[in-house]
Every structure is written in C-alpha cells, then in structure tokens.
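Trainee: First the structure, which I've put down as structure tokens, then a few questions once you've had a look.
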Amino acid sequence: MKTIRLTTSQALVKFLNQQYIHVDGNEFPFVEGIFTIFGHGNVLGVGQALEQDSGHLKVIQGKNEQGMAHAAVAYSKQKLRQRIYAVTTSVGPGSANLATAAGTALANNIPVLFLPGDTFATRQPDPVLQQIEQEYSIAVTTNDALKPVSRYWDRITRPEQLMSSLIRAFEVMTDPAKAGPATICLSQDVAGEAFDYDEKFFERRVHYLDRKAPVDRELKGAAELIKESRKPVILVGGGAKYSQAAEILKSLSEKHSIPLVETQAGKSTVEASFKNNLGGLGVTGTLSANKAAREADLIIGIGTRYTDFATSSKTAFNFENTKFLNINVSRMQAYKLDAFQVVADAKTALEQLAPMLEGYTSEFGGNIDELKQEWLTERDRLSKVSFTRENFNPEIKGHFSQEVLNEYADALNTELAQTKALITVNETIAPESNIIAAAGSLPGDLQRVWNPGSPNSYHLEYGYSCMGYEVSGALGVKLADPAREVYALVGDGSFLMLHSELITAIQYGHKINVVLFDNSGFGCISNLQMGNGMGSYLCEFRTQDNQILNIDYAKVAEGYGAKVYRVNTAEGLKEALEDAKKQRGSTLIEVKVLPKTMTDGYDSWWNVGVAEVSNKESIQKSHEMRQEQLKEARQY
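Residue 230 in full-length UniProt numbering sits at position 230 of the sequence shown, and the numbers go up by one each step.
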C-alpha cells in the first residue's frame, strides 16, 4: 500500500478536491469551494492546508459565520443540491454561529459541509480559550449544539478517523432522500497532526445521483387513484424542482386537465404563465389555488413536506372526500397525511406514470381557466391599492387607524403600499432574474403576487423562514448563477438581523441587488398580534418617547461601498431598478413603505397559540375562533 504523509487538514482539502457527482450523464466536481473566517482552532490547521494547496477550491473570506454558512446553503439550493460550498470556522462562538444556518439547511434538505474547529483531543491544555465546561461531561463542547441540526455529525479526535467520516458525510449529502448538513468537527490539535494516508483515499471518487424508479405496485396504485378521482390537484413541492420535473408536470396537467398549485419551495418549477398554474397553496396562497384544493378529491403531492403554511394547518382540504397520493424520494415524507406512497424520484415516477393515464380527463375542465383569471384580476387590483393622507383606502390590510397610518406616512415620508412596490419590482426587472427572500410578510406577498419569468428564479427559504438569510443567500445565489441578476427582497427587520455578506459580495465583485422594504418594524408579527386580538406590542420601531424610527439604511450600505437609492414612490422605484441594472457593483434600494399594506389570507387559516384566558374581549374571541377552526383540522 502506497501512502502519503499529510496533516489531517491537508488530507481533508485533498479529499474535497477529488469529489465528483454524476447526474443524468454529466459529471462535475461536487465541492465548488470553501467559506472561511479564520480563528484559533482552524487557522493553523485548515487555514495552513488551504494556503499550501487549495486545488480547484475557491476560498472566500466571510464576515459572519452564520452569514457565510447561509450563502453556502443558498448556493447549494440554487444548484438544485448538485454542488456545495464547505464552511470552516474557529472554535466556540465561531462554531456556535453555525447553528442557525445548519437548522436552515436541515429544514430545507440542503447538503452543505460544516467544518467547525473543536477543542483539544488530548485535553491537556483544557479549558482552552472559548471552551465551555459542563460538570456532567468533560467531552462536551460547543459543537455538540450542532447535533440536532445536522443530518450527519462527527468529531475527529485521531487523523485516521477522517477517512471513514468523510466518506459517510458525502454519502449523506449526495443522497436525495437524506440530503442535509454534514458536520465534521476538527479537534484543533489533531487538525495539524500528520498521518500516513493510503494514496487510494485521494483518488477521484464519483457519487452517483441516480433517479430512484417506482416499483410496479406503486405505479398501478397511483394510476388507479388518479383514474378514480374526479378533481385531482397536483401540489408542486421543492422535490419537483430538484428533480427538474417541469416538462412532465406541464404535460400531465395539460393532457388531463389537472391544475397545479405550489408550495414556496416548488414555486418557479413551472413558470407562472403556464395556463394551469394557479399559484401558491395555503396560508400564503392565492384564492384560486385554495379554491381548487378545497374542491379536490385527490391531492397529488410531488416532493412536498406538507408544512402548516401549505396545508393551512391541515384545513386546506376537504378531508371527508379527499385522498392523498405522495411521490417523494423520502419514505418519511411520502407517508404524510396517510397518503398512498410512491417512494421515487419525481420526474422518473411521473414519466413512467404518464402512459398509464391514457384516456383520463378530470372534471375541472374550463374551471381552471376561470380560477386563474379570477386570481389575475385580484392581482391587478392589488397592484393599484393606494393610500393618501386625505383618503384612507379600506382595502389596505391591517388594524392601524387612519391617524396611525398618517403618522407613519409623515415619519417615513411615503404613501407607497408594499403590494404595489412588489409588483413594480416584478414588472421592471428582467424576467430571467433571480429573487430571494425568507421571512416576514414578504414571502406571503411574493407567493401570491410574484410571477416568476423563468424556471428556478424564485428562491424562497421558507422551510425555516430564517430572518437574516436574504442578503447572505443572495451572494450564494449569485455564486451559483453568475450570469443572471439577483435581487434580495428583505424587510428592515431581517436586514437588521444580518447583512454582513453584502460586504463580502462587494469585496469579491459578485454583484447583488438588495431591495429593502422599510416599514419601521416587525410588520408581519404586528399583523399576527393584532389579527388575534392583541395590540401592536413591541413590534414597531419606536423611541422611548414613542417616535417612529426613520433609519437611513442607504447610508449604511453606501458606507460599505454599494451604489444606493432612496425611493418612496412606484415611479422612483422603477427608475432606481432601471439604473441598478446598469451598475457593475452591488446596489441597495431603500423602499419606504407603509405598514399594514401587504396581502391578507385568501380562504386560509393558520393555527397559532392564542391565550385561553385574557382580560381582553378581542383575545377571548380569537381563542373561540381558533377552537372552531380546530374542529375542521385533520389531527394526523
């Protein structure tokens, strides 16, 4: 056996350079690069190895561990889980900052490799700088907090352990059914320790992303269910996008008159202009999609987890008459809602199912066109919703009085509604542009009113709905798809949470456009409070003397080096977007919008905890309404 003497970190970097993935006849490197913030615990191990020979790996210096990890997650998501960035951090706070991003990756089934530094395997210098101590075990470190948010987790305390650990990690990350974050903690003394590694360990290794085919029993059962149904509806989830099942979905929908509805992750699998696409389902869905789902006697779930937003907390369907057919690579997900399970790749399963449906046509017929037109009319109405200090428009969502809205209009110097601003962006940017969002009221508005102009151009992180993902994620999307413009649509609350990787984008010349919607508060949660009987409590950004904060976010971004714009009208927003297209560097457009001017629910309900005992009649009434809704909700 021929060996090569390397440190653990050098072996790690050499191995990463030799990992390839094979998808539909194409073969390419699986690891594109590595994000890093160096500190003690990784700088003299992984840092030394990268300085000595990084191979083809692109090394990017991040500004916040959570931020760069979110960029890595977004990169993998935009690449349809077929390529990744690794992320290395120091010990202690550096590795702890990965927890939020790891949870985001796990909730969304996104492969990413986390390489946090760890304490000494020898334990001789303990407790070292940034090491926590627990009385019940000396073996516990900060990195144990990453166990529940990792699909695979390991700690390297001997150099030779690296070999089996890496092989296991890549098996997990390249399995569509298990895809998620793999965390390998590197003890800082072992990271620099040498070992005679078998040279074969570093040979080119190909991971095959084979499409799992359904068995005959599954196909026959699925075909039978569809043919027996009168009004089936196809629910397009993220798995359909990752499987690249757009063409077969459109073919089946057209041929058999089956409407398509979407989850947040599934949106832009099929373009919005497709005639049978009724848009988002559930709490943040369109009225048309929710109506179709309520009429359906069969829901065909394609690669979906059936989250509470998609199912309206399990009230979106008529469970007395509706059956479920789930096609999913994950057996666990296929079992959701007591469905008939087809455990297979979405595209493969649908293509094999297609010939078995010959002669079948649903009873939806022309009703699909009527439902779609109904929503397009509503979207057009939303694009024209307006507010003036003299003439309050009761169409605007919310519970603020005319007086309070006037106060915001004066403080922010705006009369612009959020829905109008969003549709203006949608109609102004290039149709092939990528947009990214994650939290607050924007995902609801986007799933309803945003019409993606091209496939895989709508990047919503709503599996975890992680505030602070948006700007970092935009960098990851730009790295994954550099030819297209990318727009991070972010609220002021999320921007304040985390925007450090805007600096990284500027530093490395990766242009991103940040469109910041400023309504001076956590508007989404204020809506939740007031919609359930509370007042607006600690969700507005106000001073101690109750004055509304008017923060100059553009000045912050200008200080970083971005080209900035300040707008408070739809016309000004359009002009800023047109000029931003001409810029070579990153931009930020600060859009002042009025609170409570976002879209509301359409025939949907969200189950949230409401106080059972309260001295406010409005909260008591909200609790009673919740109890009534729970009677309609399915319990499993």
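Beta carbons: idealized from backbone N, C-alpha and C, even for Gly.
#1: Which residues in the same chain have their Cβ closer than 6 angstroms to the Cβ of Y553, if we skip the five residues on either side of it in sequence?
#2: Could you say if the segment 70–80 and the segment 109–116 meet the contact criterion of at least three C-beta pairs nearer than 8 angstroms?
#3: Within its chain, find whatever has a CB closer than 8 angstroms to the CB of R294; leave out the 5 residues flanking it on each side and keep chain order.
#4: Looking at the secondary structure, which residues open and close the alpha helix (DSSP H) in which H70 lies?
#5: Note down, one range per segment and in chain order, each alpha helix (DSSP H) of at least 4 residues found wholly within the segment 355–401.
#6: If you pair each beta-carbon of the segment 18–25 with each one of the segment 186–205, do three or more pairs fall below 8 angstroms?
#7: Hey, L405 and L528 are a contact pair by Cβ (cut 8 angstroms); roughly how many whole angstroms apart?
#8: So, for H70: in the same chain, excluding its five sequence neighbours on each side, which residues have a beta-carbon less than 6 angstroms away from its beta-carbon?
#9: Could you check how far apart the C-beta atoms of L186 and S150 are, in whole angstroms? I think they sit under 8 angstroms.
#10: With contact counted as at least three CB pairs below 8 angstroms, one residue from each stretch, are the segment 324–334 and the segment 269–287 in contact?
#11: Name the DSSP bridge partner or partners of V59?
#12: Take Q629 and list the residues in its own chain whose beta-carbon comes closer than 6 angstroms to its own, dropping the five residues that flank it on each side.
#13: Which residue spans inside the segment 86–174 form an unbroken alpha helix (DSSP H) run of at least 4?
#14: In the DSSP assignment, the alpha helix (DSSP H) including I436 goes from what residue to what residue?
#15: Helix, strand or coil for P482, going by three-state DSSP, please let me know.
#16: May I have the straight-line CA-CA distance separating R83 from N451, to the nearest angstrom?
#17: To the nearest angstrom, how far is the alpha carbon of L353 from that of D338?
#18: Is the segment 301–316 close to the segment 205–219, with three or more CB pairs under 8 angstroms?
#19: Which class does G239 belong to by DSSP, given the choice of helix, strand or coil?
#20: In chain order, what residues of the same chain have a beta carbon less than 7 angstroms from the beta carbon of S165, not counting five sequence neighbours either side?
#21: To the nearest angstrom, how far is it from the Cα of E485 to the Cα of D579?
#22: Which residue's Cα is closest to the Cα of residue 637: L549, N546, Y565?
#23: Which residues bound the beta strand (DSSP E) around Y197?
#24: Skipping 5 residues on each side, what residues in its chain have a beta carbon closer than 6 angstroms to that of Y462?
#25: What's the C-alpha gap between S386 and K275?
#26: How many Å lie between E133 and G585 at the Cα?
#27: If we count the other Cβ atoms within 10 Å of its Cβ and call it buried at 16 or more, is D518 buried or exposed?
#28: Looking at the strands, I want to know which residues DSSP matches up with Q19.
#29: Got a sec? Which residues, its chain only, sit under 6 angstroms from F195 by beta carbon, not counting five neighbours each side?
#30: Is there contact here, the segment 292–306 with the segment 610–625, by at least three beta-carbon pairs under 8 angstroms?
#31: How many Å lie between D410 and Y560 at the Cα?
#32: Does the distance from the C-beta atom of G41 to that of S9 stay below 8 angstroms?
#33: Please report how far the alpha carbon of Q507 lies from the alpha carbon of L577, in whole angstroms.
#34: Which residues share a DSSP beta bridge with N451?
#35: Could you give the DSSP three-state label for residue 638: helix, strand or coil?
#36: Report all residues from its chain with a CB closer than 8 angstroms to the CB of A570; omit the five preceding and five following residues, and keep chain order.
Mentor: Judging by the given coordinates:
#1: Correct list, in chain order: L516, E590.
#2: Yes, the segment 70–80 is in contact with the segment 109–116.
#3: Contacts found: A316, F317, N318, D603.
#4: Run containing H70: 65–78, per the alpha helix (DSSP H) assignment.
#5: Listed in chain order, they are 367–382.
#6: Counting Cβ pairs under 8 angstroms, three or more are found: they touch.
#7: About 19 angstroms separates the CB atoms of L405 and L528; that is not less than 8 angstroms, and the two are not in contact.
#8: So the qualifying residues of the chain are A101, Y469, S472, G473.
#9: In this structure L186 does not touch S150 by the C-beta definition: roughly 14 angstroms separates them, more than the 8 angstroms allowed.
#10: They do not touch, by the three-pair rule.
#11: For V59, which the question treats as bridged, DSSP gives the partners I34.
#12: Short of 6 angstroms from the beta carbon of Q629, and not among the five residues preceding or following it, lie these beta carbons of its own chain, in chain order: W605.
#13: Positions of the alpha helix (DSSP H) runs, each at least 4 residues long and wholly inside the segment 86–174, are given as 93–96, 98–107, 161–173 in order along the chain.
#14: Counting along the chain, I436 falls outside any alpha helix (DSSP H), though it belongs to the beta strand (DSSP E) covering 434–437.
#15: In this structure, P482 counts as coil in the three-state DSSP scheme.
#16: Within the model, the alpha-carbon separation for R83 versus N451 is close to 27 angstroms.
#17: In a straight line, the C-alpha of L353 is about 21 angstroms away from that of D338.
#18: Two segments are said to touch when three or more pairs of C-beta atoms, one from each, lie closer than 8 angstroms; by this definition the segment 301–316 does not touch the segment 205–219.
#19: Assignment of G239 by DSSP, reduced to helix, strand and coil, places it in the helix class.
#20: Here the set comprises D154, I156, I184.
#21: Cα-Cα distance, rounded: 13 angstroms.
#22: The requested residue 637 is not part of the displayed model; the chain covers only 1 to 636.
#23: Annotation for Y197: the continuous beta strand (DSSP E) segment containing it runs 194–198.
#24: Hits under 6 angstroms: Q264, P443.
#25: Looking at the two C-alpha atoms, the distance is approximately 29 angstroms.
#26: Those two C-alpha atoms are separated by around 46 angstroms.
#27: Per the 10 Å Cβ criterion, buried.
#28: In DSSP, Q19 forms a bridge with R205.
#29: Correct list, in chain order: P159, E160.
#30: The answer is no - the segment 610–625 does not touch the segment 292–306, with fewer than three Cβ pairs under 8 angstroms.
#31: D410 and Y560: Cα-Cα distance of roughly 29 angstroms.
#32: No; because the gap between Cβ atoms is not below 8 angstroms, this pair is not in contact.
#33: Taking the straight line joining both Cα atoms gives about 22 angstroms.
#34: Note: N451 sits in no beta bridge, so no partner.
#35: Outside the displayed span of the chain (1 to 636) sits residue 638, for which this structure offers no information.
#36: Answer for A570: L416, K420, A421, T424, listed in chain order.
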